[in-house]
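**Student:**
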Amino acid sequence: MDKLMTLEEWARANYTTPPSQGTLWRWAREARIHPAPEKQGRSYYVRPDARYIDPAKPLSVSSSRPPLPRQRRRSAASIPLVERIGNGKAT
């Protein structure tokens, strides 16, 4: 298990001008720090390798996989009556 540090220690280690305690606690409550901080008693503890995730900036996803093909939805008229009755759709 990694050694945990307080949010304030983490902020001092990662920012030249660390955010205030209120801002850090808000980030923790709003899940803006990953991996998520743990609240123990009255303090939040976080792993040293944790990172702030800005919700306004989307994460970049690698496009190594081709997109999945879209499946067309079949209309009720194209499904045989026997199959519709078996699925609980009488019409």
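Residue numbers (full-length UniProt numbering): 1 to 91. Where a beta carbon is used, it is the ideal one built from N, C-alpha and C, also for glycine. Just so we're clear, the structure is a prediction, and the values are computed from it rather than from any experiment.
1. Strictly by DSSP, which residues pair up with Arg26?
2. In chain order, what are the residue ranges of uninterrupted beta strand (DSSP E) at least 3 long that sit wholly in the region 32-58?
3. Taking just the CA atoms, how far does Pro58 sit from Ser78?
4. From Gly41, Arg47, Tyr45 and Glu8, pick the residue whose C-alpha is nearest to that of Ser20; which is it?
5. Take Val18 and list the residues in its own chain whose beta-carbon comes closer than 6 Å to its own, dropping the five residues that flank it on each side.
6. For His34, which residues of its own chain have a beta-carbon under 7 Å away from its beta-carbon, when the five flanking residues on both sides are left out?
7. Looking only at its chain, what residues have a beta carbon closer than 8 Å to the beta carbon of Glu38, apart from the 5 residues adjacent to it on each side?
8. Look at the Cβ atom of Pro55, then the Cβ atom of Arg32, and state whether they are nearer than 8 Å.
**Tutor:** The answer reads as follows:
1. None; Arg26 has no bridge partner.
2. Correct list: 38-40 and 43-46.
3. So the alpha carbons of these two residues sit roughly 40 Å apart.
4. Nearest to Ser20 by alpha-carbon distance, out of Gly41, Arg47, Tyr45 and Glu8, is Glu8.
5. Reading off the sequence shown, one finds Pro at residue 18, where the question assumed Val. For Pro18, where only same-chain residues beyond five positions count, the Cβ hits under 6 Å are Ala11 and Arg12.
6. Only Ala50, Arg51 and Ile53 meet the Cβ criterion.
7. Closer than 8 Å at Cβ, skipping near neighbours: Leu4, Tyr44, Tyr45 and Val46.
8. Pairing Pro55 with Arg32 gives a Cβ-Cβ distance under 8 Å.
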